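**Q**
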Amino acid sequence: MRSYNPDEAPISWAFRYVAGIEGVFMVLAGASTLEQMEEDIAFMDNYKPLNEEEHKIIEEVTEIINSQIAIPCTKCNYCISSCPANIMIPKLFDLYNNEKIQGLDIGAFSAVGNAYRNYSCLEGVGIASDCTACEACMKECPQQIDIPSLMPEVAKTFETETYGFTKDD
């Protein structure tokens, strides 16, 4: 994207993509500052649809990103309230995806794994091995992710002796 148009911000590409979808009449921006809001308004004031080459670039970038994501969780958080073990499922999947992008072997130390360990020390939060496979979360997941089947892999990746977990944890 940068090599095609180095002056265009990624958010501008996103706005142009979404605004160009047939039937879309409003684009909501997640601006958290006045400066971001002004920038977003400027993008839309100067809106021009993506051309064919830009659509191809977006498709290529999407394929690259998707090829690196092990679990396609969008972090909508719908699953959290239904989990009896109080597992912050999107948080754990995000950590897992980040770990997989790094490509380290299971058991190798990483900052992501250390973040999982620190998270596991918080009071009242569940970790992957706490999953009972009750499947309540699956009823809430718009991505239809088989969450219970993935939790053992998340646990295997992070709940290792490297991070101070023991077989009894």
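Residue numbers (numbering that gives the first Met the number 0): 0 to 168. The beta carbon of each residue, even a glycine, is placed where N, CA and C say it ideally should be. The structure displayed is predicted, hence computed values, not measured ones.
#1: Out of Cys136, Pro151, Leu27 and Arg116, state which residue places its alpha-carbon closest to the alpha-carbon of Glu160.
#2: What are the boundary residues of the alpha helix (DSSP H) that includes Glu152?
#3: Can you list the beta strand (DSSP E) stretches of 3 or more residues lying completely in the stretch 58 to 115, in chain order?
#4: Assess, as a yes-or-no matter, whether the stretch 50 to 68 is touched by the stretch 102 to 111 under the definition of 3 or more beta carbon pairs within less than 8 Å.
#5: Exposed or buried, which one is Leu172 when buried takes at least 16 other CB atoms within 10 Å?
#6: Can you tell which of Ser2, Asp129 and Gly29 has the C-alpha that lies nearest to the C-alpha of Met87?
#7: I'd like to check one pair, Tyr77 with Pro141: are the Cβ atoms closer than 8 Å?
#8: Checking the sheet assignment: what are the DSSP bridge partners for Pro125?
**A** Walking through what the data contain:
#1: By one-based count along the sequence shown, residue 160 stands at place 161. Closest option to Glu160, Cα to Cα, is Arg116.
#2: Within the sequence shown, residue 152 is the residue found at index 153, counting from 1. First-last of the alpha helix (DSSP H) with Glu152: Ile146 to Phe157.
#3: none
#4: no
#5: Given a span of 0 to 168 for the chain in the structure shown, any question on residue 172 remains unanswerable.
#6: The count along the sequence shown starts at 1 and reaches residue 87 at position 88. The option with the nearest alpha carbon to Met87 is Asp129.
#7: The residue labelled residue 141 in the question sits at position 142 within the sequence shown. The residue labelled residue 77 in the question sits at position 78 within the sequence shown. Yes, Cβ-Cβ distance for Pro141 and Tyr77 is below 8 Å.
#8: For the purposes of this step, residue 125 is taken as the residue at position 126 of the sequence shown. Correcting the residue type first, residue 125 is Gly in the shown sequence and not Pro. Gly125 pairs with Ile86.
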